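Worksheet: the structure to be examined is printed underneath.
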Amino acid sequence: MRLELFLVATAVICATGKPLSEAAPKTKLLLISFDGFRWDYDQDVETPNLDQLAVDGVKAKYITPPMLTMTSPSHFTTITGRWVEDHDVVHNMMYDAKTNLKLPHKLTMTKSAWWDNGVLPLWITAQNQGLKTASFHYPGGGVSYGGQAVHRALVEDVNHPDDNETEWRQNIDMVMSWFSEEDFDLVTLYYGEPDSVGHAKGPETPERRDIIRQIDRTIGYLREAINHHGLNDTLNVIITSDHGMTTIKKRPKVEEIVLNKYLNLLTLASFEILDYGGFGILTPRPGKEQEAFDALSNAPNLTVYRKHEIPESFHLAKSKRLPPLVVVADLGFNLNSRFIVYVNKGDHGFHNGEMDMKTIFRAFGPNFKKDFLAEPFDSIHIYPLMCKLLEIQPAPHNGSLAVTEDMLLPAVPRPTSEPTTGPTTGQATVLTTGPPNGGWRRCSASVALLLAALLSVFTVM
Ligand SMILES: *[C@@H]1O[C@H](CO)[C@@H](O)[C@H](O)[C@H]1NC(C)=O
Ligand SMILES: *[C@@H]1O[C@H](CO)[C@@H](O)[C@H](O)[C@H]1NC(C)=O
Ligand SMILES: *[C@@H]1O[C@H](CO)[C@@H](O)[C@H](O)[C@H]1NC(C)=O
Ligand SMILES: *[C@@H]1O[C@H](CO)[C@@H](O)[C@H](O)[C@H]1NC(C)=O
Ligand SMILES: [Zn+2]
48 MRLELFLVAT AVICATGKPL SEAAPKTKLL LISFDGFRWD YDQDVETPNL DQLAVDGVKA
108 KYITPPMLTM TSPSHFTTIT GRWVEDHDVV HNMMYDAKTN LKLPHKLTMT KSAWWDNGVL
168 PLWITAQNQG LKTASFHYPG GGVSYGGQAV HRALVEDVNH PDDNETEWRQ NIDMVMSWFS
228 EEDFDLVTLY YGEPDSVGHA KGPETPERRD IIRQIDRTIG YLREAINHHG LNDTLNVIIT
288 SDHGMTTIKK RPKVEEIVLN KYLNLLTLAS FEILDYGGFG ILTPRPGKEQ EAFDALSNAP
348 NLTVYRKHEI PESFHLAKSK RLPPLVVVAD LGFNLNSRFI VYVNKGDHGF HNGEMDMKTI
408 FRAFGPNFKK DFLAEPFDSI HIYPLMCKLL EIQPAPHNGS LAVTEDMLLP AVPRPTSEPT
468 TGPTTGQATV LTTGPPNGGW RRCSASVALL LAALLSVFTV M
């Protein structure tokens, strides 16, 4: 009799993927990143959909990215909740200071060796707890961690256009069908704008304002799509970004930095990545450490750090990959190496304390309060918030849920979902225990239990 009940219960659970006795529906999470969306980009252009979002959900005044305000390092901090020195994705380019290997940003997106340094991103941690996850162009989503890949990962082509609005909408449609038809629990969706326009045209331009209008329309489209797919009550959405953008100072307004004027790069450095906005790295030749450091210390409009003397608040010093010297330019200066070949009108990579490097945080959905203005916080705290929303155990991380928890509505109690202990545990109770939201895991656990039960019946017989 008990076995029959159990069979029925297992069948129901495996058919619906839903627990039997939980009041609150299983919620899903969509994390969207618009690369290089400075915190105040919505303040000089009309953004009706973003404005409505603030009424219907949560808006932070701004958030602070980790030091190393660059795409890959910052996105990876968001998805791991770890400082850059721990996850060690210390540049957009993949490099090896010993072999002088340098791979451009987009080519790193399929290189596990660059991303997998022992820190697990949210996708993998969620998958290990029975959830189904996907990454749509999100940095770090296209590789494997300890041999484990994200269930579904789309990686951008090297020549992918960043600003095609039609495609932006198609991407949203696809992600919505992943949630509604394929029961994905977590999807991360990345857009390369407004970063591209910010670099090419500069942040204070009509082109940048146009792309913000386009993003705003896309958010309107997203909300319609959520409604169409019946996901209003089950999908939480976080919209954020990796860093801001500042106008690059050029001649004749300033004397642009040309580092070779202060140190002979050829004789003093064996490896360098410069000409890449506000952040530069450099390995001095053996015996030239002091000379290189002194020369850079005398260069104007920048700060040079020996790796072990990097301020603790940067959370970079423990990195295994950073070379001995790190250079941070003053806001708006590009670190040109030998000549000024640099064409960007806007850039980032500057100190994360600069207001121009701050970025956005918005959130809405069934678990978020409405019309809630959050104080500024560090992006590292998004990770524990996402774990809370997915109801999974976080991996070790450097964030704190206490910082972001205020945004959430009080939890709806779930009757009879507490695990019962002791040898007399009934099978029906066993079925509703285990990690909440673990539809898959619950199903396979039920099948395992069923097999075990059948086996014990046969053993008795
Ligand atoms: C934009 O994307 C759509 C859909 O993928 C495609 O049909 C169209 O050709 C693209 N437009 C441009 C200008 O690339
Ligand atoms: C879903 O939310 C939208 C607001 O984005 C609202 O217009 C719509 O009526 C809601 N749909 C349902 C079924 O509640
Ligand atoms: C850059 O450095 C020069 C030389 O020290 C200084 O005169 C100038 O004010 C600095 N520029 C900025 C914008 O800080
Ligand atoms: C960040 O978290 C990791 C893992 O818990 C820990 O080892 C490390 O010391 C933390 N870093 C800081 C600065 O607290
Ligand atoms: Zn950029």
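Those letters in the sequence shown? Residues 48 to 508, per the working numbering, in order. Beta carbons are placed, not taken as given, at the ideal position from N, Cα and C, and that holds for glycine. Keep in mind that this is a model prediction, so the values were computed, not measured.
With contact defined as three or more Cβ pairs closer than 8 angstroms, the stretch 291-299 and the stretch 308-315 are not in contact.
One alpha carbon belongs to Pro-120, the other to Asp-135, and they sit about 8 angstroms apart. Exclusion of Thr-157 from the 7 angstroms shell around ligand 5 follows from its C-beta lying no nearer than that to any non-hydrogen atom of the ligand. For Gly-327, same chain residues with a beta-carbon under 6 angstroms away, outside a window of 5 residues either side, are Leu-321, Val-374 and Leu-382 in chain order. Phe-411 sits close to Leu-100, with the two beta carbons spaced by under 8 angstroms.
At a cut-off of 7 angstroms, the beta-carbon of His-395 counts as near ligand 5: some heavy atom of the ligand is closer than that. Ligand 5 never approaches Asp-403 closely enough for any of its heavy atoms to be under 7 angstroms from the residue's Cβ. Ile-110 sits away from Pro-168, with the two beta carbons spaced by 8 angstroms or more.
Inter-residue distance for Val-205 and Ser-182 is about 17 angstroms (C-alpha atoms, whole angstroms). The residues His-362, Leu-363, Ala-364, Lys-365 and Ser-366, in chain order, have a CB closer than 7 angstroms to that of Glu-132 in the same chain once the five nearest residues on each side in sequence are set aside.
Secondary structure remark: continuous alpha helix (DSSP H) runs of at least 4 residues inside the stretch 260-315, in chain order: 312-315. Only residues of its own chain outside the window of five on either side were considered, and among them Ala-421, Phe-424, His-428, Ile-429, Pro-431 and Leu-432 have a CB closer than 8 angstroms to the CB of Thr-451, listed in chain order. Rounded to whole angstroms, Arg-368 and Ser-384 show a C-alpha spacing of 21 angstroms. Between Met-117 and His-395 the beta-carbon gap is near 7 angstroms, inside 8 angstroms, which marks them as a contact. Of the other Cβ atoms in all chains shown, fewer than 16 fall within 10 Å of the Cβ of Gly-400; this residue is therefore exposed. In the DSSP secondary-structure assignment, Ala-107 is bridged to Ala-421.
Here the distance from the Cβ of Thr-118 to the nearest heavy atom of ligand 5 is below 7 angstroms. Lys-354 and Asn-139 have their alpha carbons spaced roughly 19 angstroms apart. Residue Ser-243 holds the alpha-carbon nearest to the alpha-carbon of Asn-211 among Ser-243, Ala-458, Lys-405 and Ser-227. In this structure, the straight-line span from the alpha carbon of Asp-89 to that of Glu-251 is close to 12 angstroms.
The nearest non-hydrogen atom of ligand 4 is 7 angstroms or more from the C-beta of Asn-279. Looking from the CA of His-122, the closest CA among Ser-227, Trp-162, Asn-307 and Ala-442 belongs to Trp-162. Met-141 carries a strand assignment under DSSP once its states are collapsed to helix, strand and coil. Between the C-alpha atoms of Thr-406 and Ala-107 there is a straight-line separation of about 10 angstroms. Here the stretch 75-95 lies against the stretch 270-286, with 3 or more beta-carbon pairs under 8 angstroms apart. Take Phe-231, set aside five residues on each side of it, and the residues of its chain with a beta-carbon closer than 6 angstroms to its own are Lys-179, Ala-181 and Trp-225, in chain order.
By DSSP's assignment, Arg-85 forms a beta bridge with Thr-406. Boundaries of the alpha helix (DSSP H) harbouring Ser-344: 336-344, taken from the DSSP string. In this structure, Gly-83 has its CB closer than 7 angstroms to one or more heavy atoms of ligand 5. A Cβ-Cβ distance of about 6 angstroms is found for the pair Lys-435 and Leu-448, placing them in contact under the 8 angstroms criterion.
Residue side-chain check: Glu-214 places its Cβ nearer than 7 angstroms to a non-hydrogen atom of ligand 1.
Where Gly-325 is concerned, there is no enclosing beta strand (DSSP E), because DSSP gives it neither an H nor an E. DSSP, reduced to helix, strand and coil, places Asp-394 within a strand of the structure shown. By the Cβ-count criterion, Lys-300 is exposed, with fewer than 16 other Cβ atoms from all chains shown falling within 10 Å of its own Cβ. Residues with their Cβ less than 6 angstroms from any non-hydrogen atom of ligand 3, running along the chain, are Val-301, Pro-347, Asn-348 and Asp-377.
The criterion of a C-beta distance shorter than 8 angstroms is satisfied by Asp-82 and Tyr-237.
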